[in-house]
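A short write-up of the structure that comes next.
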Amino acid sequence: EVQLVESGGGLVQPGGSLRLSCATSGLSVSSNTMSWVRQAPGKGLEWVSVIYSGGTTFYADSVKGRFSISRDNSKNTLYLQMNSLRAEDTAVYYCARDPGAAPGDIWGQGTMVTVSS
Amino acid sequence: QAGLTQPPSVSKGLRQTATLTCTGNNNNVGNEGAAWLQQHQGHPPKLLSYRNNNRPSGISERLSASRSGNTASLTITGLQPEDEADYYCSAWDSSLNAWVFGGGTKLTVL
């Protein structure tokens with residue numbers, strides 16, 4: 004069974020940093036396209052970033068220059084490094100396998116990030 | 027990034043048919059079509075269909091998707107209580123190099 008498990012969320016002050024992890028089992032992060040999608044409390048889904056199997060990355064304008072997506076193939080883990088965090092980054096962050104025809108067909112349970120002083 | 031347009035809410039009766047719409051442009055919905063996801067409160071999204079009317083295994087045949095120009099639609103027949111959820115459309119935007127989402131439609135089954 005394929006599983007994605009996010010971790011690393013928590014409370015951080017504005018301007019701070021966090022690194023989210025998405026541990027996978029049953030699939031290879033190196034041979035799949037992987038995405039991060041977030042959802043602010045009571046709001047809709049917002050795509051954040053994608054990393055293709057070849058290493059190409061793209062970011063939403065709202066996080067460009069502040070967030071960085073990466074992976075560790077040996078650990079089969081996807082990461083999202085988040086710097087210069089703002090209150091509007093407060094959300095549940097989901098990792099997902101991106102099958103190419105949709106932002107995600109396999110999703111983790113999400114990890115909550117709260118940016119507040 | 028400009029998102030897709032969905033009606034905020036739709037209400038239909040038990041066993042009726044609901045059609046949800048999603049409007050984009052030539053760079054997203056009109057290009058490669060839309061995907062539809064369902065989300066129940068407190069749960070991650072679940073993929074229902076992709077590239078207009080391809081359903082992952084296990085998705086009910088009561089759901090069907092289509093596209094006309096820059097507007098995608100999801101039709102759910104024989105509505106059941108468990109269909110009550112938030113529904114999101116999404117499409118890859120080739121001009122933005124980004125997935126864009128609609129704001130979501132809350133489907134209420136009366």
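Protein chains in written order, with the working numbering: chain A, 4 to 120; chain B, 27 to 136.
Glycine included, each C-beta is placed from N, C-alpha and C at the ideal position.
Quick caveat, the model's predicted, so the values are computed rather than measured.
| Item | Value |
| --- | --- |
| Interface residues of chain B facing TRP110/A [CB-CB closer than 7 Å] | PRO70, PRO71 |
| Top-ranked residue by Cα proximity to VAL116/A, from GLU4/A, GLN6/A, LEU7/A, SER24/A | SER24/A |
| Beta carbon proximity, ASN52/B to chain A, threshold 8 Å | no |
| Pick from SER31/A, TYR55/A, THR114/A, TRP110/A that is closest to LEU73/B, judged by C-alpha positions | TRP110/A |
| When GLN42/A, PRO44/A, MET37/A are compared against VAL53/A, the one with the closest alpha-carbon | MET37/A |
| Boundaries (first-last residue) of the alpha helix (DSSP H) holding VAL55/B | 55-58 |
| Environment of PRO106/A [buried if 16+ CB atoms lie within 10 Å] | buried |
| Close-in-space but distant-in-sequence residues of the same chain around SER99/B (CB under 6 Å, 5 per side omitted) | THR45, THR47, SER92 |
| Span separating the alpha-carbon of GLY95/B from that of GLY56/B | 5 Å |
| SER116/B: contacting residues in chain A (beta-carbon distance under 7 Å) | ALA105, PRO106 |
| Through-space distance from SER116/B to ALA61/B, alpha-carbon basis | 5 Å |
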